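Since the structure comes first, as structure tokens, the remarks are kept for the end.
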Ligand code: MF3
Ligand code: CO
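In this note's numbering, the protein residues as written are 3 to 262.
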């Protein structure tokens with residue numbers, strides 16, 4: 003069941019989405035060699051709560067963090083921990099904030115210090131594929147058109163798409179219908195309509211597309227332990243096209259030309 007939002011509801015969704023965007027902007031100030039991922043998680047939690055929001059991942063299905071932490075080979079759903087970030091790592095921080103009864107969901111993969119150019123290129127392409135997916139998200143088109151645009155863009159560059167994990171509808175609940183895969187055929191899936199709100203989130207690997215779930219039941223990593231990148235925006239379909247509700251501008255304000 004896909005819940006189409008009114009313009010009033012979309013206006014309410016903006017607040018949660020701005021707050022999650024600002025939270026990732028706050029994290030951008032701290033990502034550096036020597037910090038633990040648990041410290042980043044605490045910073046995010048305190049920032050969200052100081053601004054009247056709810057860290058929606060915390061306790062969701064038993065998840066132990068405010069941020070999903072995705073270091074190097076971790077694709078999604080890694081736990082904050084005592085791991086100390088190292089020069090050359092990449093780290094995705096995926097965050098969901100609830101505010102005024104609506105959710106905002108965004109993820110950004112950061113470079114920690116000096117990262118292998120091949121891995122940076124993976125990150126850049128994954129971020130670009132998110133924009134390509136957003137461009138393909140138009141009223142009257144289908145979810146498969148978004149998926150195919152992302153897949154075609156990434157595979158043309160020699161990268162692989164994680165298939166087991168998807169984007170999703172979002173609103174009063176973090177996860178609503180429809181599923182938004184990052185691979186598939188044009189002309190398939192639900193028809194995109196004005197009022198739909200979806201989180202688009204390509205998860206793209208340098209090596210093979212295969213993943214494994216660790217014994218903690220959450221942490222998803224690449225089977226070959228090669229790096230994976232992940233970027234995510236929440237968008238609303240308004241007047242026929244996808245308008246991002248989240249933004250990376252707060253991150254870019256912090257990182258300047260070090261942003262990906
Ligand atoms: N952004 C993730 C997603 O899109 C967040 C869910 S992780 C959980 O699904 F911890 F909240 F489960
Ligand atoms: Co999401």
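Cβ coordinates follow ideal geometry from the N, Cα and C atoms, glycine included.
From a predicted model like this one, the values you see are computed outputs, not experimental measurements.
Check	Outcome
Close-in-space but distant-in-sequence residues of the same chain around residue 6 (CB under 7 Å, 5 per side omitted)	195, 197 and 198
Which of helix, strand or coil DSSP assigns to residue 119	helix
Coil, strand or helix - residue 25 by DSSP	helix
heavy atom of the ligand MF3 below 7 Å from residue 109 C-beta	yes
CA-to-CA distance, residue 215 to residue 185, given in whole angstroms	20 Å
Alpha helix (DSSP H) segments (min. 4 residues) lying fully within the stretch 172-254	none
Three-state secondary structure assigned by DSSP to residue 111	strand
Residue 8, DSSP secondary structure in three states	coil
Residue 122 and residue 161 closer than 8 Å at C-beta	no
Cβ-heavy atom distance, residue 169 to the ligand CO, below 7 Å	yes
Endpoints, the alpha helix (DSSP H) within which residue 43 is located	39-52
Nearest residue (CA-CA) to residue 139, options 249, 113 and 241	241
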